[in-house]
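Mapping of the sequence shown onto numbering that gives the first Met the number 0: position 49 corresponds to residue 48, and the numbering continues sequentially without gaps.
Presented below is the structure to which this report refers.
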Amino acid sequence: MELPFAESWKIKMVEPLRKSTREEREQWIKEADYNLFQLKSDQVYIDCLTDSGTGAMSDRQWAAMMMGDESYAGSSSFFMLKDTICRITGFEYVIPTHQGRAAENVLFSHLVTAGAIVPGNSHFDTTKGHIESRKAFAVDCTVDEAKDTQLEVPFKGNVDPAKLEKVLAENAEKVPFIIVTITNNTAGGQPVSMQNLREVRAIADKYGKRVIYDSARFVENAYFIRTREEGYGEKTIKEICKEMFSYADGMTMSSKKDGLVNMGGFIATRHEDWYEGAKRFCIPFEGYLTYGGMNGRDMAALAVGLDENTELDNIETRIRQVQYLAARLDEFGIPYQRPVGGHAIFVDADKVLDQIPKEEFPAQTLAIELYLEAGIRGCEIGYILADRDPVTRENRFGGLDLLRLCIARRVYTNNHMDVIAVALKNVFDRRHEITRGVKIVWETELMRHFTVKLERL
Ligand code: F0G
0 MELPFAESWK
10 IKMVEPLRKS
20 TREEREQWIK
30 EADYNLFQLK
40 SDQVYIDCLT
50 DSGTGAMSDR
60 QWAAMMMGDE
70 SYAGSSSFFM
80 LKDTICRITG
90 FEYVIPTHQG
100 RAAENVLFSH
110 LVTAGAIVPG
120 NSHFDTTKGH
130 IESRKAFAVD
140 CTVDEAKDTQ
150 LEVPFKGNVD
160 PAKLEKVLAE
170 NAEKVPFIIV
180 TITNNTAGGQ
190 PVSMQNLREV
200 RAIADKYGKR
210 VIYDSARFVE
220 NAYFIRTREE
230 GYGEKTIKEI
240 CKEMFSYADG
250 MTMSSKKDGL
260 VNMGGFIATR
270 HEDWYEGAKR
280 FCIPFEGYLT
290 YGGMNGRDMA
300 ALAVGLDENT
310 ELDNIETRIR
320 QVQYLAARLD
330 EFGIPYQRPV
340 GGHAIFVDAD
350 KVLDQIPKEE
360 FPAQTLAIEL
370 YLEAGIRGCE
380 IGYILADRDP
390 VTRENRFGGL
400 DLLRLCIARR
410 VYTNNHMDVI
420 AVALKNVFDR
430 RHEITRGVKI
440 VWETELMRHF
450 TVKLERL
């Protein structure tokens, strides 16, 4: 008999979890104005809000922290980090930053000017924010397949080469670079194929443009290439990463995801001119060049984390857990963005609560119901998050309305996955009784989802 799959690590330190009663949760969610960001973490049993900065570090990472060099300039931890990044990506210029959006801020301060057009595949909110706040435009060139949650295609995160080519053919002079997000978070943690990365490179070369990877989950992307794309099944994760980055000119990184640390980010590039340009903004925004917003010990932990996560055992354990949860949801017939991506399940709330009108925010309603059911905190990636149209001030109902359930790295066991699956099933089974959603009673103009106040109808 074949041995079952199990985690590639064992547990050395634990953190107690607190369960709660439904009555307590009803009180807490009301006090939080039905906004899950406003809950205190001890009011949550299983936290699936994000996989960002929520992972568990290994004993090797904690050991590295003790060796961190806190020198203001020339920290040996920086050089350890730089060497690791160079070995994994091939990029020799590295600027640390305090997190991913800070890397965007520093690099885009050099590259993005008013009127610029930055094509890519579903730019992440902060990426888009840093483009739009400079009065430039983020043009989404994601493949259309990403919009159909029930379609099973292996690389739903891809850039549509025809859409990209069109942007360049019409406006090449306005494009400072192309950005490819690996994996594509907004489309559901969906991977981008090596073939697609090569196509993007070819189009970029044709128009003399450079390519940046938003690399927050680049290792998850490499794992999907290994398991889904022909010719990569025998390659190591590090070999695949090296090839992926060979088609890019630089990267921005949120180390809080595939870097396996709780805080941190960086910019890396092969071009001296980009490095020189970004340097000017790193010093005033983030700090001196050999720490850029990070502690020496955190850079040391990140170096080890990057090395550790680009080993097959570790990344396979991670993805297999997300796939385990997806398989449980399949048993119950719960619709989510298929096939499941790398870091989360994106439940298709429009399909679950199909009698709730868009104006009453089905995904947010589902998030509240799941919290009430079992103290599980997910995150609405839908109509509330989409904000209003800046011109008409109407809600934007054009996209998908999803409930994202992120899985933290090396934190929960498959027993917790079972709790999530069954809690969701219980809500799913009584979906026809849930006929009303929520209404907004207070909101901000931008990024309203963090602070929005809601009432149940
Ligand atoms: N790019 C991607 C693809 C991301 O998912 C994130 C963050 C960032 C950039 C920004 O990085 O948070 O370190 O500043 N995503 C988190 C999430 C917040 O929950 O998906 P950051």
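C-beta atoms are modelled at their ideal positions from N, C-alpha and C, and glycine is treated no differently.
The structure displayed is predicted, hence computed values, not measured ones.
Considering only residues of the region 347-421, which uninterrupted alpha helix (DSSP H) runs meet the minimum length of 4 residues and lie entirely inside it, listed in chain order? 348-351 and 361-373
Could you say which of K278, N261 and E315 lies nearest to N294 if we only look at CA atoms? N261
So for N183, helix, strand or coil by DSSP? strand
So what does D46 bridge to, in DSSP terms? R376
Does the distance between the C-beta of K81 and the nearest non-hydrogen atom of the ligand F0G fall short of 7 angstroms? no
Inter-residue Cα distance where the pair is L365 and I10: 33 angstroms
First and last residue of the alpha helix (DSSP H) that includes E307? G295 to N308
Euclidean distance between Cα positions of T251 and H129: 13 angstroms
Please classify F217: is it buried, with 16 or more other beta-carbons within 10 angstroms of its beta-carbon, or exposed? buried
Which residues in the same chain as N104 place their Cβ atom closer than 7 angstroms to its Cβ, once the five residues preceding and following it in sequence are excluded? H129 and F284
Answer with buried or exposed for Q354, where buried requires no fewer than 16 other C-beta atoms within 10 angstroms of its C-beta. exposed
Inter-residue spacing [alpha-carbon to alpha-carbon] between F176 and H415: 42 angstroms
Just mark I245 as buried or exposed, buried being the case when its beta carbon has 16 or more other beta carbons within 10 Å. In the sequence on display, residue 245 carries Ser and not Ile. When all chains shown are included, S245 counts as exposed.
State yes or no: is the C-beta of F123 nearer than 7 angstroms to some heavy atom of the ligand F0G? yes
Between the Cα of D417 and the Cα atoms of R227, R337, I375 and R387, which residue gives the shortest distance? I375
Hey, how far is the Cα of Q60 from the Cα of G89? 23 angstroms
Runs of beta strand (DSSP E) wholly within the region 123-163 (minimum 3 residues, chain order): 136-139
For G258, verify whether its CB is less than 7 angstroms away from any heavy atom of the ligand F0G. no
Closest residue to F486 among D347, H122 and Y33 (Cα-Cα distance): What is shown of the chain runs 0 to 456, which leaves residue 486 out entirely.
How close, in whole Å, do the beta carbons of M298 and P95 come, if the pair is a contact with beta carbons under 8 angstroms? 6 angstroms
Do the region 11-31 and the region 441-451 meet, that is, are 3 or more Cβ pairs less than 8 angstroms apart? no
Does DSSP put G119 in a helix, in a strand, or in coil? strand
For K452, list the residues DSSP reports as bridge partners. W441
According to the neighbour-count rule (16 or more other Cβ atoms, all chains shown, within 10 Å of its Cβ), is A247 buried or exposed? buried
Own chain residues within Cβ distance below 7 angstroms of D64, not counting five before or after: Note on identity: in this sequence residue 64 is Met, with Asp being the wrong assignment. Here the set comprises R296, A299 and A300.
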